[in-house]
Amino acid sequence: MNVGNVFFALSSLLALAGAFMTIASRSPIRSAVGLLITIVGIAALFLKLNAQFLAAIQLIVYAGAVVVLFVFVIMLLGPDAGDGEGTVARARVARYGAGAFFALLALGAAHLVSRAGGKPTLFGLVRPEHGSVEAIGSLLFRGEVIPFELATALLIVAVVGAIAVARGKPHVRREKQGSPTARMFHGPLMARDAQRPLPTKAQKAAAKAGAV
Amino acid sequence: MNMLGNYVEHYTMLSGALFTLGCIGFLVRRNVLVQLMCIELMLNAVNLTLVAFNRLHTGDMNGQVFAFFIIAVAAAEAAVGLAIVLAFYRLKSSVQSDEADQLRH
Chain H
1 MNVGNVFFAL SSLLALAGAF MTIASRSPIR SAVGLLITIV GIAALFLKLN AQFLAAIQLI
61 VYAGAVVVLF VFVIMLLGPD AGDGEGTVAR ARVARYGAGA FFALLALGAA HLVSRAGGKP
121 TLFGLVRPEH GSVEAIGSLL FRGEVIPFEL ATALLIVAVV GAIAVARGKP HVRREKQGSP
181 TARMFHGPLM ARDAQRPLPT KAQKAAAKAG AV
Chain S
213 MNMLGNYVEH YTMLSGALFT LGCIGFLVRR NVLVQLMCIE LMLNAVNLTL VAFNRLHTGD
273 MNGQVFAFFI IAVAAAEAAV GLAIVLAFYR LKSSVQSDEA DQLRH
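So the sequences go chain by chain: H and S. Quick note on this note's numbering: the first sequence kicks off at 1 and runs consecutively. Quick note on this note's numbering: the second sequence kicks off at 213 and runs consecutively.
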């Protein structure tokens with residue numbers, strides 16, 4: 001056992017423990033922490049696989065942005081983000097049956113793979129620049145520049161779409177309250193806000209004047 | 213024994229285990245937030261496979277570029293998914309996925 005073996009064992013155990021925590025814990029904030037642990041473990045495995053750039057990107061994008069987004073939504077929803085009490089038993093057999101069926105399929109696949117034999121494939125030597133920021137950057141900006149720019153377009157469209165879907169419009173709420181679509185996209189986030197009167201035009205103007 | 217982590221099979225087995233955990237979580241849990249987290253888990257497992265096989269073929273780095281694009285798409289997916297969760301919560305005051313039965317009634 002050298003340092004690399006211990007590093008692999010520790011980070012893979014970290015990733016597996018985090019994944020288990022994600023799917024098994026009752027509280028969504030603990031699930032988010034489990035996801036964070038998994039992401040850190042996978043970033044460590046990327047380092048072992050000579051992918052320094054991807055390890056950094058994994059930590060920045062996943063641990064820094066995606067998990068924070070999850071935690072932010074959990075904070076916004078408050079206690080309602082957890083599992084509901086009333087409907088716990090609903091469709092329980094179907095859900096656990098589907099999970100057990102998939103677990104059996106995975107175990108069967110693992111059994112077939114282990115029976116297939118064959119020699120395991122050892123990693124060869126690697127050039128030191130494999131996976132470095134310079135190498136990936138030159139590859140991205142030479143060969144793959146069009147997909148790269150399309151990815152930026154995808155991100156900006158996704159962010160604008162997320163804002164459009166997540167933001168409620170209280171002035172529409174008053175006009176068409178009936179349809180579920182109007183409630184879904186324009187209604188109040190919290191049920192207690194439905195009773196709260198909307199600000200009148202005079203109040204809005206006063207608030208605006210006060211802000212100026 | 214001291215070759216732990218130097219074979220591509222170790223990484224594919226770990227990635228398969230992570231993908232299986234993510235898929236089981238997606239099927240068993242009803243909390244939409246946890247289901248989205250399980251999707252992220254599965255995407256991460258696929259990324260691990262791509263990078264491990266790229267370590268095997270050291271001539272190019274296409275696998276790592278693939279993983280990079282998957283990370284970008286996963287970030288966009290998380291943003292849109294969480295916005296949909298907020299809209300769904302606005303409609304139902306709940307984040308349980310079996311409450312989403314608008315099309316059934």
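We treat Cβ as the ideally placed atom computed from N, Cα and C, and that holds for glycine.
{"query": "Proximity of L262 of chain S and G271 of chain S at Cβ, strictly below 8 angstroms", "result": "no"}
{"query": "Selection from H:A9, H:L47 and H:M1 that minimises the alpha carbon distance to S132 of chain H", "result": "H:L47"}
{"query": "Where N50 of chain H falls: helix, strand or coil (DSSP)", "result": "coil"}
{"query": "Residues that F102 of chain H contacts on chain S, provided the C-beta gap is smaller than 8 angstroms", "result": "T232, C235, I236 and L239"}
{"query": "Enclosing alpha helix (DSSP H) for Q276 of chain S [first to last residue]", "result": "N274 to K304"}
{"query": "Unbroken alpha helix (DSSP H) run spanning I156 of chain H, endpoints", "result": "V145 to A166"}
{"query": "Buried or exposed by the 16-neighbour rule on C-beta atoms within 10 Å, applied to Q203 of chain H", "result": "exposed"}
{"query": "Interface residues of chain H facing V220 of chain S [CB-CB closer than 9 angstroms]", "result": "P120, T121, L122 and F123"}
{"query": "Closer than 8 angstroms to chain H by CB, L312 of chain S", "result": "Before going further, note that residue 312 of chain S is Ala rather than Leu in the sequence given. No, because no Cβ of chain H sits closer than 8 angstroms to the Cβ of A312 of chain S."}
{"query": "Proximity to V126 of chain H [Cα-Cα], best of S:F280, S:N266 and S:A299", "result": "S:N266"}
{"query": "Helix, strand or coil at L122 of chain H [DSSP, three-state]", "result": "strand"}
{"query": "Runs of alpha helix (DSSP H) wholly within the region 60-117 of chain H (minimum 4 residues, chain order)", "result": "67-77 and 92-116"}
{"query": "Cα-Cα separation, G124 of chain H to L139 of chain H", "result": "22 angstroms"}
{"query": "Per-residue contacts from E144 of chain H into chain S (C-beta, under 7 angstroms)", "result": "V277"}
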